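Data block below; observations after.
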Amino acid sequence: MVETNHITYESLLSGNKEWVAKTLKEDPNYFDRLAAGQKPPVLWIGCSDSRVPANQVTGTLPGEIFVHRNVANVIAHNDLNMLSVLDYAVNVLKVNHVIINGHYGCGGVAAAMSDKQFGLIDNWLRSIKDVYRLHKKEVDAIEDEEAKIRRMVDLNVIEGVHKLSATAIVQNAWAQGQDLQLHGWVLDLKTGLINDLKVTCSSNAAFDKVFKIA
Ligand SMILES: [Zn+2]
16 MVETNHITYE
26 SLLSGNKEWV
36 AKTLKEDPNY
46 FDRLAAGQKP
56 PVLWIGCSDS
66 RVPANQVTGT
76 LPGEIFVHRN
86 VANVIAHNDL
96 NMLSVLDYAV
106 NVLKVNHVII
116 NGHYGCGGVA
126 AAMSDKQFGL
136 IDNWLRSIKD
146 VYRLHKKEVD
156 AIEDEEAKIR
166 RMVDLNVIEG
176 VHKLSATAIV
186 QNAWAQGQDL
196 QLHGWVLDLK
206 TGLINDLKVT
216 CSSNAAFDKV
226 FKIA
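If you read the sequence shown in my numbering, its first letter stands for residue 16, the second for the next number, and so on.
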């Protein structure tokens with residue numbers, strides 16, 4: 016487990032000052048450029064888990080990735096927060112890539128696959144049980160419990176990409192000829208490496224009629 020005893024309220028503020036000093040030493044104009052605006056080419060939708068920060072795991076810096084995170088990187092069509100982030104990213108920032116990034120060892124997915132009550136969050140995680148229902152045959156065929164939950168992490172991301180592709184925000188962008196690709200990734204906490212699930216979607220041409228928005 017990550018040791019966090021050294022983290023205090025005060026250490027966060029002193030850490031900020033050290034980061035500013037170090038950054039300015041390397042690049043005196045860094046914050047002038049940062050304050051001037053953002054044009055990130057990527058929207059990252061990931062899990063709130065503290066071990067999966069978008070910038071660090073992709074070797075990127077502030078200003079390079081627009082980020083939305085929630086517990087278990089759930090895509091819910093009634094989530095105004097996610098939809099607002101998606102709308103701004105696609106229609107204002109004109110990102111070219113939207114990445115849903117799940118991770119193995121996801122407590123949210125594990126909770127959804129249990130029969131226990133966790134309280135309010137059960138409502139949030141219920142859509143992961145729907146992912147299980149859709150893929151029950153495949154998931155039930157996996158005997159190893161850890162492997163089963165790992166596959167559910169994959170499937171939750173894959174269903175998330177599908178749900179994103181069904182939004183008017185994404186389909187309108189495609190209809191207008193915008194270069195917009197949706198991707199599904201999973202990071203393995205045990206190696207730090209990201210696995211591209213190869214479910215990239217960049218048009219609705221192959222969709223069933225009910226998923227197309229005219
Ligand atoms: Zn997680």
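Cβ atoms here follow ideal geometry from the backbone N, Cα and C, with glycine treated the same way.
Predicted model only: the values in this text are computed from it and were never measured.
The set of residues whose C-beta lies within less than 6 Å of a heavy atom of ligand 1 reads, in chain order, C62, D64, A87, H118, C121, G122 and G123.
Per the coordinates, the alpha-carbon of A229 lies some 29 Å from the alpha-carbon of G61.
Sequence-distant partners of K109 (beyond 5 residues in either direction) whose C-beta falls short of 8 Å from its own C-beta, in its chain, are Q193. As computed with DSSP, G117 is found in a beta bridge with V201. A181 is not a Cβ neighbour of F133, given a cutoff of 7 Å. DSSP, read as helix, strand or coil, puts F222 in coil. Inter-residue distance for A221 and K32 is about 51 Å (C-alpha atoms, whole angstroms).
If you draw a straight line from the Cα of I157 to the Cα of R141, it comes to about 21 Å. DSSP, reduced to helix, strand and coil, places Q186 within a helical segment of the structure shown.
At a Cβ-Cβ threshold of 7 Å, K163 and V172 do not count as neighbours. Apart from the 5 residues on each side of it in sequence, L58 sits with its Cβ closer than 6 Å to the Cβ of F81, A104, V110 and V113 in its chain, given in chain order. When only Cα atoms are considered, F46 and V214 end up about 37 Å apart. For M97, same chain residues with a beta-carbon under 8 Å away, outside a window of 5 residues either side, are I60, H83, N85, I90 and A91 in chain order. Only residues of its own chain outside the window of five on either side were considered, and among them none has a CB closer than 7 Å to the CB of D94. With a 10 Å radius around the Cβ and a threshold of 16 neighbouring Cβ atoms, A183 comes out exposed.
A Cβ-Cβ contact shorter than 7 Å links A127 with I143. By the Cβ neighbour-count rule, H118 is buried, with 16 or more other Cβ atoms within 10 Å of its own. For I80, the three-state secondary structure derived from DSSP is coil. For H177, the secondary structure class from DSSP, reduced to helix, strand or coil, is helix.
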